[in-house]
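Scroll down for the structure; my scribbles are underneath it.
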Amino acid sequence: MTNVEYLEISTNLTILKEQAIDWALSHGLVIRTNSNLSSTTVHAPISLFPSPFPKKEFEFALELQPIFNLLFHKLSRDHEFIEKIIGELTDVDDFLEKLYNIYITVRKEGVTQQISLGLHRSDYILHLAPNSTEAHIQQVEFNTISSSFSSLSALTSELHKYLLESTKYFDVSPTLKIDALPANEAMINLPKGIAKAHQLYGSESAVVLMVVQPAERNAFDQRWIDHKIHLMRKTLLEIQRDGELDKDTKALIIDNKEISVAYFRSGYSPKDHPTGKEWNARLLIERSKAIKCPTVAYQLVGAKKVQQVLAVPGVLERYISNPSDVTKLRSCFAGLYPLDSSPEGEAAAKLALEYPERFVMKPQREGGGNNIYTKDIPQALRRMTLLERSSYILMDLIQPPKMSNIVVREGEVIQGEMISELGIYGVFIGDNRDEGVVINELGGHLLRTKGRETNEGGVATGYSVIDSPLLI
Ligand code: ADP
Ligand code: MG
Ligand code: MG
16 MTNVEYLEIS TNLTILKEQA IDWALSHGLV IRTNSNLSST TVHAPISLFP
66 SPFPKKEFEF ALELQPIFNL LFHKLSRDHE FIEKIIGELT DVDDFLEKLY
116 NIYITVRKEG VTQQISLGLH RSDYILHLAP NSTEAHIQQV EFNTISSSFS
166 SLSALTSELH KYLLESTKYF DVSPTLKIDA LPANEAMINL PKGIAKAHQL
216 YGSESAVVLM VVQPAERNAF DQRWIDHKIH LMRKTLLEIQ RDGELDKDTK
266 ALIIDNKEIS VAYFRSGYSP KDHPTGKEWN ARLLIERSKA IKCPTVAYQL
316 VGAKKVQQVL AVPGVLERYI SNPSDVTKLR SCFAGLYPLD SSPEGEAAAK
366 LALEYPERFV MKPQREGGGN NIYTKDIPQA LRRMTLLERS SYILMDLIQP
416 PKMSNIVVRE GEVIQGEMIS ELGIYGVFIG DNRDEGVVIN ELGGHLLRTK
466 GRETNEGGVA TGYSVIDSPL LI
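Printed below as a string of structure tokens:
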């Protein structure tokens, strides 16, 4: 992969930085400085340049998305699969156990809403295999809940276009051309998905509920989503306090308003449920007739354990009839291994102790900051009981080719070797009544970039910046 020589232009860096920050501030590419509602805003962490990304691999990631969307829809409807894979984890993972109990309770009572909305994001890092010259995407994970940064990502694509048009990026590289910056419609497509689900719910007077975290710093990414949608923001605690079900219709009523779609930007982590009240709110929503984004079943099949099981030979074939689609999906899987008491799990644990630099260990958690990387693995494995170990999966470390860029965080410029993670958004609406797929579409993309020495990703967690791809 050829690299854009960004580092040569440092003389013009100050101008570029100021222009980027001012554009960000004036176009809503911002986050709160702290969680205080009346706090000021600061530009979102961003890269100054788009990062080079092979066009072929970008397009391949787009091609995979509808196949993944449908796969996860089918998984969410496969009770036997959920019972076997997640049911087994309930002994070792409290958080999954609570979600699973809600799933079982509502299943027994009878599901009242047959339509579901998925706003997913499949994440990839380029992998350069040893002795190979061509890098290929490998999937990091598939997110079925609270996939964030769709709005700020689309704005960053616009920012990079603006900087190119207005500065020519000081002619640093002939590859920096406007038509190498792909359109990013995430800011339109995700709200469109919500609006379509709202319309399918079929009540003019109903409103969309966004389930938010208290004191969200990334509120502006979310605010762009309520564009042209009548939307109510509530935390789980507020929903528990203000919400009820209509006894006859099971409609979810909050502040005297009927809820058409419950869109979760919270509820993916134990931290979102400090007390039983938050769990009651989740159960209330799941029981209701509102269209959920996601349903608890969708959230469960987004677990990393499921990703590992999907990599077991023969499993994909059960859900995908077209063999070439199976081959495509499988080609982006990194090595994935159980860490349970099975012979495979024991073998994987042994391998990880012997060659920790090759692996990352992941628990069944979302939101960043939970994984155990390379040299930390042996100590962690030795400390854990077999039961604790079983709640993790083991994954090959994806090794991207060398790439450099310049990023800005709270006004500070950081240059150096970087790693990018590409996310592709998917919009899916399913209707169980006739196995119907109402919508299965692409939603746009996100590129996050972080220093090469950083293990974790995540913009909100402070590890990465928002970037956009330069297709080469
Ligand atoms: P989360 O659901 O918490 O976001 P991820 O699986 O995305 O969990 O892991 C968090 C971050 O860790 C990713 O954004 C990526 O930067 C890094 N990471 C995860 N898996 C791998 C892997 N197999 N190889 C290299 N980096 C990884
Ligand atoms: Mg992730
Ligand atoms: Mg995730």
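First residue of the sequence shown? That's 16 in the working numbering, and the numbers climb one at a time after it.
Where is the CB? At the ideal position from N, CA and C, for every residue including glycine.
Computed from a predicted model, the values in this text were never measured in an experiment.
Proximity below 8 Å, CB of residue i to CB of residue j
i: G382; j: Y278; result: no
i: A475; j: Q379; result: no
i: V121; j: E253; result: no
i: S165; j: Y440; result: yes
i: L462; j: T190; result: no
i: H242; j: P206; result: yes
i: A367; j: F374; result: yes
i: K343; j: L79; result: yes
i: T310; j: S91; result: yes
i: I268; j: D261; result: yes
Residue i to residue j span [Cα, whole Å]
i: T171; j: D287; result: 28 Å
i: R333; j: Q128; result: 26 Å
i: S435; j: T55; result: 29 Å
i: N470; j: G431; result: 15 Å
i: S188; j: K32; result: 18 Å
i: C347; j: Q153; result: 4 Å
i: D236; j: V45; result: 8 Å
i: M399; j: P60; result: 36 Å
i: A195; j: D391; result: 39 Å
i: I30; j: L63; result: 11 Å
i: P371; j: T105; result: 27 Å
i: G360; j: M410; result: 12 Å
i: V227; j: A234; result: 9 Å
i: G258; j: E231; result: 21 Å
i: T148; j: Q322; result: 28 Å
i: R397; j: G466; result: 29 Å
i: G208; j: A362; result: 44 Å
i: L178; j: L402; result: 52 Å
Assumed close pair residue i, residue j - CB separation to whole angstroms, cut-off 8 Å
i: L437; j: F68; result: 7 Å
i: N204; j: G43; result: Contact doesn't hold; Cβ gap of about 18 Å is too wide.
i: I335; j: S131; result: No, I335 and S131 are not in contact; Cβ-Cβ is about 19 Å, not under 8 Å.
i: S483; j: H135; result: Between H135 and S483 the Cβ distance is about 20 Å, and since that is not below 8 Å, they are no contact.
i: S168; j: A201; result: 6 Å
i: Y216; j: V276; result: 7 Å
i: I36; j: G384; result: Not really, about 27 Å apart at Cβ, beyond 8 Å.
i: P289; j: F110; result: No, P289 and F110 are not in contact; Cβ-Cβ is about 12 Å, not under 8 Å.
i: S405; j: D355; result: 4 Å
i: A349; j: I413; result: 6 Å
i: V341; j: I100; result: Actually they do not touch by this definition, with Cβ atoms about 19 Å apart.
Secondary structure of residue i, DSSP reduced to three states
i: S41; result: helix
i: G438; result: strand
i: A364; result: helix
i: H492; result: With the chain covering 16 to 487 only, the question about residue 492 has no answer from this structure.
i: L22; result: Note on L22: pLDDT 48, under 50, position unreliable in the model; no value is reported.
i: M418; result: coil
i: M225; result: strand
i: I100; result: helix
i: A277; result: strand
i: Y334; result: coil
i: N158; result: strand
i: D138; result: strand
i: T17; result: Bear in mind that the predicted position of T17 carries a pLDDT of just 39, short of 50, making it unreliable; the figure below should be weighed with that in mind. The answer is coil: DSSP assigns T17 none of H, G, I, E or B.
i: Q129; result: coil
i: E253; result: helix
Residue i beta carbon near ligand 4 (any heavy atom closer than 7 Å)
i: G431; result: Questions concerning ligand 4 fall outside what the structure shown contains, since the ligands it does hold are ligand 1, ligand 2 and ligand 3.
8 Å Cβ cutoff, residue i in contact with chain B
i: D261; result: Of the chains in the structure shown, none is chain B; there is only one protein chain.
- Within the structure, which residues are defined as neighbours of ligand 3 by a Cβ-heavy atom distance below 6 Å, reported in chain order? E156, N158 and E381
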